[in-house]
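Numbering (mature numbering (1 follows the signal peptide of the UniProt record, and there is no 0)) for the sequence shown: -20 to -1, 1 to 616. Written out below as structure tokens is the structure these notes cover.
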Amino acid sequence: MNSRKIYKKTLLVFVTLAFTAISCSEDWLTPKPLSFYEPGIALSNAEGMYSALTTLERNMRHEYFGDNAPILTEIIQSEVAVEGTTDKAGPQMDMDVALLPDAQLNHTDFTKVGWYWYEGYKGVKYANTIIARIDNAEFSSEEERNAILGSAYFHRAYRYFKLTHQFGDIPYLDWEIETPKYDFYSYDRWGILERMRKDLEFAYQWVPEVVDRGRTSKAACGVLLMKVCMVLGDFDRAIAVGKEIVAKHPLMRNRFTPNQGKPNTNLMFDLHSVEAKLDMSNTEGLMYVVSYPEEEGSDRIQTMRNAVPFWNSGNIKTPDGQTGTSIAPAAGETDPEMDLNKSYGRGIGRLRPTWYFTNEIWRADKEANDLRGIRNRDSWRRMEDLRYNAPGLKTSGSPWYGKNFEKPASMSVEDTIRTWFSWPHYKLFVPDPLQTQWAGGETPWYIYRSAEVYLLLAESYYWKDQLALAAEALNEVRTRAGAEPLTAGDVNIGEILDERARELYYEENRHIELVRISYIYARTGKPCEIFGGRTYTLQNLSGPGGTGSNVKQEGVNFWYDRVVARSNFYNHGVKHKWAEYKVSVHHILWPVPANAINTNIKGVINQNIGYPGAERNVEPLPVPEEGTVLGPQAGN
């Protein structure tokens, strides 16, 4: 049964239907309904509660899996990549057009900004149902109850952390809603994060350390707690939690999968292989979304379709003008590298990395031996590594059959964007044996790893001006990969972000991380050394606003400055026949979908500054320090 069909629903402001609980067998990818769908019955014991958590854990997978997965929007709204689909109008290239409240915000051919809004609140709703009913259920012990409650707190905080960094001040739902509600108001994002910190402290205390693959772990709660503490300015707490996590979950420093016997592989191949993500001896993986090969209810990640160049577009021709590529290899061909489809995946170039990611961060001196880098021919692939394989070349006796690609001097900018770039093969290659065209098959995928914890530790030390300790944390990740160690004098926010890009491409929510750092700069007033000591404030984070706001001015927020400084696309006049690549200052936060605002007829959901409708905003409400907004002791 296809889980995407089961759970695909149309949402308006927020989904307010009663929560339909599901149970699971030993294969919890495949939900089985309980005998009753009434939440009060289904959520009456630990089994029902864990089934409800399964829904939350499974739904996390949707961000990463499928064609034009939502994670692409997060990566594209940063400096590491842009939208590469150049054969149509609509994709997120000119953000002044693509990111409007009434634009198509949740569509494979446009953007998935709206997906994050609706899916985020769907997750909040599911978590709130568990939280509201926790004391009506029977448990074998207090530990069992608190572990389930802590997991629900994590999932609610996981969604709110994303929503507050994507949309700013947002409605705050903290209890189950059983009847339609049309009077939502925006709440102060800082108050929401303060409440999430309390919840995550509870979760970090009670959620178990050892869990099944795909379940919420204590370490996962700790990673999210670190991020919330950092944005709230408590770097000491973030450091304390980070140290505890890496002490229990060391990096994988030696080869550990059956792939070590394969040619042209290395430790990075091991770490990011399907085998590694299934291997319970993998100490580095802290939380995963799961999709097991050939299991019912599974899904395909399609990393290769999304992020590998469109080498079969028809625009790859031999120097003498003949069609150069084919999905199916020539009859009788025995060289596996001539099967481009199965060697690299049949990409369409949706996610086009920038020069910053493919070249700038891989320095000749410091990353010369980096296993993650473009200089490692086993890990990365260039278009020049591929070979002309069109069967017609072989049958005609063309001398170009089997020769490496040569970039045509006359290749257009449009074709270059989509069909000619390098990519991290070790990270994106996922075998897809059940398909004719290999797009990226079924695999677990990392949500959090210990490597990111070290990078968060380094950043926390940076904010405290303890640069020697920051370098030490960075070097844990760098030396494992074969890069040269850094010194305290090397450390700045750019170096930390470069290391995140090297390590976490197609894993991290890159836009969110840039926004998180932007808020910290604005809240602390710390001078940003990579921009000449520039400082930022919270007062004008999104620019001045106003009708037709379209500000492209450095010095307003860190997100805009970083994207413009490092991307070789945005605001540099790069264009093709459908669009020019543009971003504006206010795109640091995304537009709240107009439908969510318009159907909220008895309340006010604020629109973000810079977008139409922001002129109707009201002061966001404070989140109470105690009690709930929608549940017991509301307003206390």
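Just so it is clear, CB atoms sit at the ideal spot from N, CA and C, and this is done for glycine as well.
Hey, would you say Trp425 sits closer than 8 Å to Val288, going by beta carbons? Here Trp425 is not near Val288, since their CB atoms are 8 Å or more apart.
Is the beta carbon of Gly64 sitting closer than 8 Å to the one on Leu258? No, the Cβ-Cβ distance between Gly64 and Leu258 is not below 8 Å.
Considering Met75, what are the terminal residues of the alpha helix (DSSP H) in which it resides? Met75 to Ala78 is the extent of the alpha helix (DSSP H) around Met75.
In the DSSP output, what is Asn384 paired with across the bridge? In the DSSP assignment, the residues bridged to Asn384 are Arg367.
Shortest alpha-carbon distance to Asp107 belongs to which of Val93, Arg136 and Gly583? Here residue 107 is Ala; the residue named in the question, Asp, does not match the sequence. Closest by alpha carbon: Arg136.
Asp412 versus Tyr44: straight-line alpha-carbon distance, rounded: Cα to Cα, the separation comes out at about 16 Å.
Within 8 Å, do at least three Cβ pairs link the region 120 to 132 to the region 589 to 602? The region 589 to 602, when compared against the region 120 to 132, does not touch it at the 8 Å Cβ threshold.
Out of curiosity, what's the CA-to-CA distance linking Phe373 and Glu488? With the sequence shown as reference, residue 373 is identified as Leu, and Phe is not the correct amino acid for it. Each residue's Cα considered, the two are about 42 Å apart.
What are the uninterrupted segments assigned as alpha helix (DSSP H) that are 4 or more residues long and contained completely in the region 104 to 149, given in chain order? The region 104 to 149 contains these whole alpha helix (DSSP H) runs: 122 to 146.
Contacts around Gln613, its chain only, beta-carbon distance under 6 Å, and the 5 residues preceding and following it disregarded: Only Gly607 meet the Cβ criterion.
Endpoints, the beta strand (DSSP E) within which Ala61 is located: Counting along the chain, Ala61 sits inside the beta strand (DSSP E) bounded by residues Ala61 to Glu63.
Beta-carbon proximity list for Leu173, same chain, < 7 Å, skipping 5 on both sides: Contacts found: Thr144, Val208, Val211 and Leu212.
Trp186 lies in the alpha helix (DSSP H); which residues open and close that run? If you look at Trp186, you'll find it in the alpha helix (DSSP H) that goes Arg169 to Trp186.
Count the C-beta pairs between the region 76 to 91 and the region 358 to 373 that are closer than 8 Å, then say yes if the count reaches three, no if not. In short, these stretches do not touch, since the Cβ pair count stays below three.
Taking contact to mean 3 or more Cβ pairs, one atom from each stretch, closer than 8 Å, check whether the region 292 to 307 and the region 27 to 43 are in contact. When C-beta atoms of the region 292 to 307 are compared with those of the region 27 to 43, fewer than three pairs fall below 8 Å, so the two segments do not count as touching.
If we define contact as Cβ-Cβ less than 8 Å, is Trp95 a contact residue for chain B? Here chain B cannot be found, since the structure has a single protein chain.
Contiguous alpha helix (DSSP H) assignments of at least 4 residues, all confined to the region 564 to 599: Listed in chain order, the complete alpha helix (DSSP H) runs (minimum 4 residues) inside the region 564 to 599 are 574 to 578.
Coarse secondary structure for Ile492, derived from DSSP in three states: Reduced to three states, the DSSP call for Ile492 is helix.
Taking DSSP as the reference, what is the three-state secondary structure of Thr467? DSSP places Thr467 in the coil class of the three-state scheme, outside both helix and strand.
Could you check how far apart the C-beta atoms of Val410 and Ile219 are, in whole angstroms? I think they sit under 8 Å. Contact doesn't hold; Cβ gap of about 35 Å is too wide.
Any idea what DSSP makes of Gly241, helix, strand or coil? Note: Gly241 maps to helix in three-state DSSP.
Cutting at 6 Å between CB atoms, please list the residues of its own chain near Glu439, excluding the five before and the five after it. The beta carbon of Glu439 sits closer than 6 Å to the beta carbons of Ile476 from its chain, once the five residues preceding and following it are set aside; these are given in chain order.
If you check the beta carbons only, do Phe549 and Tyr516 fall under 8 Å apart? Not in contact: Phe549 and Tyr516 (Cβ atoms no closer than 8 Å).
Unbroken stretches of the beta strand (DSSP E), 3 residues or longer, contained in the region 319 to 376: Runs of the beta strand (DSSP E) inside the region 319 to 376: 331 to 333.
For Cys508, write down the residues that DSSP places opposite it in a beta bridge. Under DSSP, Cys508 shares a beta bridge with Arg514.
Classify Tyr428 as buried or exposed, calling it buried when 16 or more other Cβ atoms lie within 10 Å of its own Cβ. The residue in question, Tyr428, is buried, as its Cβ has 16 or more Cβ neighbours within 10 Å.
From the DSSP output, in three-state form, read off Val410 for me. Here DSSP, grouped into helix, strand and coil, assigns Val410 to coil.
Please report the straight-line C-alpha distance between Ile56 and Met75, rounded to a whole angstrom. When rounded, the separation of the alpha-carbon atoms in Ile56 and Met75 is 11 Å.
For Gly277 and Ser271, I'd like the C-alpha separation in whole angstroms. Using only the alpha carbons, I get a separation of about 8 Å.
What first and last residue would you give for the alpha helix (DSSP H) that runs through Trp539? Annotation for Trp539: the continuous alpha helix (DSSP H) segment containing it runs Phe538 to Arg546.
Near Thr10, which residues of its chain fall below 6 Å by C-beta distance, leaving aside the five closest residues on each side in sequence? In this prediction, Thr10 has a pLDDT of 41, which is less than 50 and means its spatial position is unreliable; nothing more can be read from the coordinates.
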